[in-house]
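Participant:
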Amino acid sequence: MIENFTLPKTQTPVKNGQEKTDRIFGLDLMRAGSIVMVFLSHSMPINPLDAYFPFGWLGIGVEAFFVLSGFLIGRIILRTVLQPGITWERVKVFWVNRWLRTLPAYFVALAVYYCFYSEMRNVIFYIFFAQNIITPAQGFFPHSWSLAVEEWFYLTFPLVLLVIASMTGRNAGSYRIFLTGIGVFLVVGMITKSVYHWMYQHDLFTDLVRQKLLMPSWKTFVPPTGDWDGMRKMVMFRIDAIAYGCLIAYLLEKQDLSHKVRVWLLALGGMLLLVDFQVIEHTIAGSNINYFADVLLLPLFCVTFALMLPYAVSCPRPGRGLTRIITNISQTSYSFYLMHFLVLDFVIKWYERNLATVSGMQGLVFLATYIFIYLIAYLMYKFVELPFMNYRKKLFPNSVHVSRS
C-alpha cells in the first residue's frame, strides 16, 4: 500500500543480477510504525497489555499510510506524468505501473480470503474496488476499504489533472496544474463529509433508506448511534486523504526546507497527534459526535502525519542492525496489511474458545501470531510482489519507479 520513492540513479547491482535501490529510512520508519499501529489496534483480544493502553485508537495509523502514498505518488506524478506536460500516454504508463505494483498481491489475498469465507457474495465488487465506494465497508475482507480509497485516487487524480490541463492550457505550468488538482480533492472531501454531517444531524438517512433512495447498508448511519468509523471507511468521504501527502510532495519540490524547519514541523506533528487522540476520546469514544469530529478530525490526522514527512525524508539512518529491522518491516508492510486480519480472526476465535487453558500464555500467543503473519508477508513479498516489481522495471526501464524492495 505504501511505497518508497527511489530514482534510477541510486540503483546498484547485486549478486543475483537484480537491481537494489537505496531506501529513504525515515519513510521506512513511518511505514513500519504505521503497520505496527494497525496490527496493535486489531489484535487487542490477544494483547497482554490491552488493559493498560487504548490500542484501538492506533487504527488511525492507516491515515499515515494514506499520507505516505500521496507523498510518494505525488513526487512521481510531478517528475514524470507532468514533465514536460501531461498526456494520455504518460497517464496510462502511470496506471500500469500502479496496477503492476498493487494488484497482484491484492488479488492473491482476495483469493485466500474467499477460500476461507466462500459464502460471501458480491465478491465481484472487490475485484473492481467497488466494495465501499458509496456503501459502508462489508465484513468480508474488511480492511480492504483503505486499498479501495488508494486505487480510486490513483485512477481519478491523473484524470482530474488531464481535465485541468485541457481547461487551462499547456502554458499553465505543471506545478499549477498539480496544485489545482490537489485543491479539487481537498474541497470534495470537505463537501462530502459536511453533507454527511448535515444529513446525520437532520436524520435524513432514515427517510432515504425507507424510501429506498439509499441502500439498506446505510442504516448504519441512522441516529442516535451513527457510525463514524463506517463513514471513515467509504471512498466518497475519504478521497481527499491521499491529497495531503501530495501537498507535501509539492512543497518539497518547490522549497528547500532547512533542517531546523523540518524538526519544528516534526515536533508540531507530534503535538497534534496527542491533540488528535484527545479529540477522539472526547468525541468519537464518548459518542459526542459534532461537526469537528465528522468533518475536520480525519483531515487533521492527515495534516498531522503530513507535517512529519519533511523530516522523515531527511531522517538520518541509525545503526545497520536497526535499519535492517525497520527496512524488513517496511518491505513486507503491504502483504502484512493484506493478510493480518485473516490470521488474527482465526487466532482470536481460537484463543477465546480456549481461554481457560491458554490465558496464561497470552503474551506468547500474541508474539507467535505477529511472527506468523510476518512470515506469510515475507513469502508474499518475495514470490508475488518482487517478481512483478522486476517485470515492471523491464517493461518501463526509463520510468521513475517506487519500490517496496
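For what it's worth, full-length UniProt numbering labels the leading residue of the sequence shown as 1, then goes sequentially. Quick reminder that beta carbons are idealized off the backbone N, C-alpha and C, glycines included. Just so we're clear, the structure is a prediction, and the values are computed from it rather than from any experiment.
#1: Give the single residue among V384, F221, K233, K219 whose Cα lies nearest to the Cα of G59.
#2: Exposed or buried, what is A285 when buried is set at 16 or more other beta-carbons lying within 10 Å of its beta-carbon?
#3: With a threshold of 16 other CB atoms inside 10 Å of the CB of L42, please say whether the residue is buried or exposed.
#4: With respect to the alpha helix (DSSP H) encompassing I329, which residues constitute its N-terminal and C-terminal limits?
#5: Which class does V108 belong to by DSSP, given the choice of helix, strand or coil?
#6: When you compare only the Cα positions, how much space is there between P387 and V279?
#7: Look up T135 in the DSSP assignment and say whether it is helix, strand or coil.
#8: Taking 8 Å as the cut-off, decide whether the C-beta atoms of residue 417 and T327 are in contact.
#9: Secondary structure at A356, three-state DSSP: helix, strand or coil?
#10: Is the stretch 44–63 in contact with the stretch 291–305, if contact means three or more CB pairs nearer than 8 Å?
#11: DSSP three-state label for I86, please.
#12: If we ignore side chains and look at the alpha-carbon of each, how far apart do P48 and L379 end up?
#13: Since I believe F140 is in contact with M167 (beta carbons under 8 Å), could you give me their beta-carbon distance rounded to a whole number of angstroms?
#14: Would you report the Cα separation of V36 and Y334, rounded to the nearest angstrom?
#15: What's the call for P136, buried or exposed, on a 16-neighbour Cβ count within 10 Å?
#16: Name the two residues that bound the continuous alpha helix (DSSP H) containing I242.
#17: Which residues mark the beginning and the end of the alpha helix (DSSP H) in which D207 is found?
#18: With a Cβ-Cβ cutoff of 8 Å, do V149 and V235 count as a contact?
#19: Starting from F284, trace the alpha helix (DSSP H) both ways and give me its first and last residue.
#20: Less than 7 Å between the CB of G33 and some heavy atom of the ligand MN, yes or no?
#21: Going by DSSP in three states, V270 sits in which element: helix, strand or coil?
#22: On the CB-based measure, 16 or more other CB atoms within 10 Å of its CB, does residue 406 come out buried or exposed?
#23: What residues in its chain sit with their C-beta under 6 Å from that of T156, if we drop five residues either side in the sequence?
#24: At the level of alpha carbons, what is the spacing between residue 408 and F178?
#25: Are the beta-carbon atoms of A32 and S330 separated by less than 8 Å?
#26: From which residue to which residue does the alpha helix (DSSP H) around T156 run?
#27: Per DSSP, what kind of secondary structure is F388 in: helix, strand or coil?
#28: Rounded to the nearest angstrom, what separates Y250 and T332 at their Cα positions?
#29: Are L161 and G181 closer than 8 Å when you measure CB to CB?
#30: Where does W198 land, buried or exposed, given buried means 16+ other C-beta within 10 angstroms?
#31: In angstroms with no decimal places, state the Cα-to-Cα distance between F305 and E253.
#32: Just checking my contact of L257 with F71 at CB under 8 Å: how many whole Å lie between their CB atoms?
#33: Jot down the residue ranges of each uninterrupted alpha helix (DSSP H) in the stretch 45–87, minimum 4 residues, whole runs only, in chain order.
#34: According to DSSP, is V38 part of a helix, a strand, or is it coil?
#35: Please list, in chain order, all residues of the same chain as L68 whose beta carbon is under 7 Å from its beta carbon, the five residues on each side excluded.
#36: Around the C-beta of V187, are 16 or more other C-beta atoms found within 10 angstroms, so that it is buried, or is it exposed?
Facilitator: The answer reads as follows:
#1: K233
#2: exposed
#3: In the sequence as displayed, the identity of residue 42 is His instead of Leu. Burial call: buried.
#4: 320–331
#5: helix
#6: 44 Å
#7: coil
#8: The chain is shown only over 1 to 405; residue 417 falls outside these bounds and no answer can be derived.
#9: helix
#10: yes
#11: coil
#12: 28 Å
#13: About 41 Å; that fails the 8 Å criterion.
#14: 12 Å
#15: buried
#16: Here I242 belongs to no alpha helix (DSSP H), and DSSP marks it neither H nor E.
#17: 204–210
#18: yes
#19: It is Ile, not Phe, that sits at residue 284 in the sequence shown. I284 -> no alpha helix (DSSP H), and no H or E assigned at all.
#20: This structure simply doesn't include the ligand MN, nor any ligand for that matter.
#21: It is worth fixing the name first, because residue 270 is Gly in this sequence and not Val. Three-state DSSP puts G270 in a helix.
#22: The requested residue 406 is not part of the displayed model; the chain covers only 1 to 405.
#23: none
#24: What the structure shows of the chain is the stretch from 1 to 405, and residue 408 is not part of that stretch, so it cannot be assessed.
#25: yes
#26: 145–168
#27: helix
#28: 28 Å
#29: yes
#30: exposed
#31: 18 Å
#32: Between F71 and L257 the Cβ distance is about 14 Å, and since that is not below 8 Å, they are no contact.
#33: 61–76
#34: helix
#35: I2, L27, M30, R31, G245
#36: exposed
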